[in-house]
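In the numbering used here, the protein residues as written are 135 to 257. See below for the structure under consideration.
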């Protein structure tokens, strides 16, 4: 299919709408579906299991933890979506919860928490 044909079919489908939803909700639903489609596409995760540098973690933690940013960072760093998501979770996880989970000696969690504090995050 040519780009022009694809565009015309997509616009036709969007104009048709979804079960009486207003246009803005059709657009929002379409964006969510496009994100879901993009997330399911294979991308390189060749850095899976490799250590993170402090600078990489600073970059990750400089982004807002949105779905779109997590996917962008996962692709950029060739890591899994879940690994980026987990960095954001660990950054804000209270220390008492880390101790309760028995993860107080985990080097990556310590590194994430240290960078998080250095960056002056407030949560």
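The beta carbon of each residue, even a glycine, is placed where N, CA and C say it ideally should be.
Around the Cβ of residue 224, a 10 Å sphere holds 16 or more other Cβ atoms; the residue is buried. Residue 155 carries a coil assignment under DSSP once its states are collapsed to helix, strand and coil.
Closest option to residue 186, judged by alpha-carbon separation, among 251, 241 and 254: 241. Closest in alpha carbon position to residue 221, among 149, 205, 169 and 139, is 205.
When only Cα atoms are considered, residue 147 and residue 197 end up about 34 Å apart. When DSSP assignments are scanned along the segment 159 to 231, no uninterrupted stretch of beta strand (DSSP E) that is 3 or more residues long falls wholly within it. In the structure shown, the three-state DSSP call for residue 239 is coil. When rounded, the separation of the alpha-carbon atoms in residue 192 and residue 139 is 43 Å.
Residue 255 and residue 156 have their C-alpha atoms roughly 38 Å apart. Residue burial is scored here from C-beta neighbours: residue 178 has fewer than 16 other C-beta atoms within 10 angstroms and is therefore classed as exposed. By the CB criterion at 8 Å, residue 173 and residue 215 fall inside the cutoff. Look at residue 136 here: in three-state DSSP terms it is coil, with no helix or strand label. Here residue 243 is buried. Its C-beta has 16 or more other C-beta atoms within 10 Å.
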